[in-house]
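For our numbering, count along the sequence shown from 1 and bump the result up by 1249.
C-beta: ideal position from N, C-alpha, C; glycine also.
Accompanying notes for the structure given below.
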Amino acid sequence: MLNTNDLKKGTQIMLKNGWAAVIYDNKKGDTRLAEVDGIFKEIGSIYAHDIDQAFINNEWVIVSHTKKQKDLNTLINAIL
1250 MLNTNDLKKG TQIMLKNGWA AVIYDNKKGD TRLAEVDGIF KEIGSIYAHD
1300 IDQAFINNEW VIVSHTKKQK DLNTLINAIL
């Protein structure tokens, strides 16, 4: 299974809300820079725990998250 920290610049991803995006950095951690094609196309930071799938070798692969990313998701959901 692919981890969010393994995603490289240029990787196409699908977010949990169904929007497509392209990774714009090679960083690791809780946030990533991406061009998101939603209502408008824009570039900005996204939470790594919002990444659902990545398009690798011509197929969509489920992306796993680190414990820290899962904990942040739980915290944000508790606040909202």
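From the options, pick the residue whose C-alpha is nearest to that of residue i; which is it?
i: L1256; options: D1320, A1327, K1265 and Y1273; result: Y1273
i: L1324; options: N1307, D1279 and I1292; result: D1279
Quick check: residue i and residue j, are their CB atoms within less than 8 Å of each other?
i: A1297; j: R1281; result: yes
i: L1264; j: V1312; result: no
i: K1290; j: N1275; result: no
Leaving out five residues on either side along the sequence, give the residues of the same chain with a beta carbon under 6 Å from the beta carbon of residue i.
i: D1286; result: A1269
i: I1300; result: T1253, I1262 and V1312
Is there a Cβ of chain D sitting closer than 8 Å to that of residue i, yes or no?
i: T1260; result: Note that chain D does not occur in the displayed structure, where there is just one protein chain.
For residue i, I'd like the list of residues in its chain whose CB is within less than 7 Å of its CB, leaving aside the five on either flank, ordered along the chain.
i: Q1318; result: T1253, D1279, A1297 and H1298
So, with DSSP's three-state summary, where would you put residue i?
i: N1326; result: helix
field: Start-end ranges of the alpha helix (DSSP H) lying completely within the stretch 1250-1326, minimum 4 residues
entry: none
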